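Residue numbers (my numbering): 15 to 276.
Think of the CB as a built atom: it goes at the ideal place given N, C-alpha and C, for glycine as much as any other residue.
Since the model is a prediction, treat every value here as computed from it, not as a measurement.
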């Protein structure tokens, strides 16, 4: 994203006109100047999504996220607006996808089966389980297991943004971001889950950790990661699916332990 970085201080006059004076023309100019963030984020998320997902819809939802970011951003703190806006834009696009119920029930069921398999087997063996062991648990061939991972790839794109439980708003990704102070009890729970997530990442295979790191921390797309690791895009999708489903299983186990202590 280096090609599009421009500090909010570079548009200080616009931010001041909008935030201090409510100048709508200044707000409109800010939206136009930062539309490339929407283009970049929507383009990255489009990789790996089904072809029936409209890129125009992704972009439109992203624009709503950008407008929300401009509304809420505090330019006086001297923070990088692009980083803040990127999260807002990404969140708005993923919200739009979820509301559209774009993941078929069959795909959700496959993801749930794999997640449960990782949770049970890794609890049983106390180590990272192999594809062979997972295939045996699911009573399918390794080739069929790889196809399952490919099938759920589009779902795992949003997995860290999904609620830990369907009836709650707390997301897995929120545990990686300290955005506001919370009450002590919540902080203890959050720390426990965050620690569980960290341990879960440590248990991933080297390739899975690399994919997670490049995607979520280095901000590379799946196709770019494929080039870096000299693997096919489909193989990267499979590694990503396995990593996310392992992490989901780890967090769900930790969540259940917390619920038992209540």
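Return yes when the Cβ of residue j is within less than 7 Å of the Cβ of residue i, no when it is not.
{"i": "residue 263", "j": "residue 222", "result": "no"}
{"i": "residue 260", "j": "residue 98", "result": "no"}
{"i": "residue 80", "j": "residue 48", "result": "yes"}
{"i": "residue 72", "j": "residue 83", "result": "no"}
{"i": "residue 163", "j": "residue 147", "result": "no"}
{"i": "residue 121", "j": "residue 165", "result": "yes"}
{"i": "residue 251", "j": "residue 167", "result": "yes"}
{"i": "residue 226", "j": "residue 239", "result": "no"}
{"i": "residue 51", "j": "residue 103", "result": "yes"}
Since residue i is in the alpha helix (DSSP H), which residue starts that stretch and which ends it?
{"i": "residue 77", "result": "69 to 86"}
{"i": "residue 156", "result": "156 to 165"}
{"i": "residue 90", "result": "Here residue 90 belongs to no alpha helix (DSSP H), and DSSP marks it neither H nor E."}
{"i": "residue 58", "result": "49 to 60"}
{"i": "residue 153", "result": "Residue 153 -> no alpha helix (DSSP H), and no H or E assigned at all."}
{"i": "residue 131", "result": "119 to 139"}
{"i": "residue 226", "result": "220 to 226"}
{"i": "residue 34", "result": "26 to 35"}
{"i": "residue 242", "result": "236 to 243"}
Going straight from the alpha carbon of residue i to that of residue j, what length do you get?
{"i": "residue 170", "j": "residue 254", "result": "8 Å"}
{"i": "residue 266", "j": "residue 118", "result": "22 Å"}
{"i": "residue 145", "j": "residue 247", "result": "19 Å"}
{"i": "residue 156", "j": "residue 217", "result": "21 Å"}
{"i": "residue 210", "j": "residue 137", "result": "14 Å"}
{"i": "residue 235", "j": "residue 74", "result": "20 Å"}
{"i": "residue 40", "j": "residue 29", "result": "7 Å"}
{"i": "residue 45", "j": "residue 110", "result": "20 Å"}
{"i": "residue 31", "j": "residue 93", "result": "18 Å"}
{"i": "residue 90", "j": "residue 230", "result": "27 Å"}
{"i": "residue 212", "j": "residue 69", "result": "33 Å"}
{"i": "residue 241", "j": "residue 151", "result": "32 Å"}
{"i": "residue 112", "j": "residue 154", "result": "30 Å"}
{"i": "residue 33", "j": "residue 27", "result": "10 Å"}
{"i": "residue 160", "j": "residue 42", "result": "47 Å"}
{"i": "residue 127", "j": "residue 139", "result": "18 Å"}
{"i": "residue 237", "j": "residue 158", "result": "23 Å"}
{"i": "residue 129", "j": "residue 214", "result": "13 Å"}
{"i": "residue 220", "j": "residue 141", "result": "14 Å"}
{"i": "residue 100", "j": "residue 107", "result": "11 Å"}
{"i": "residue 78", "j": "residue 149", "result": "42 Å"}
{"i": "residue 123", "j": "residue 38", "result": "47 Å"}
{"i": "residue 232", "j": "residue 25", "result": "26 Å"}
{"i": "residue 243", "j": "residue 105", "result": "28 Å"}
{"i": "residue 95", "j": "residue 228", "result": "22 Å"}
{"i": "residue 249", "j": "residue 86", "result": "39 Å"}
{"i": "residue 143", "j": "residue 58", "result": "30 Å"}
Does the beta carbon of residue i fall short of 6 Å from some heavy atom of the ligand SAM?
{"i": "residue 145", "result": "Of the ligands one can find in the structure shown there are none, so the ligand SAM has no counterpart to examine."}
Using 8 Å for Cβ pairs, my map puts residue i next to residue j. What's the rounded Cβ distance?
{"i": "residue 76", "j": "residue 56", "result": "5 Å"}
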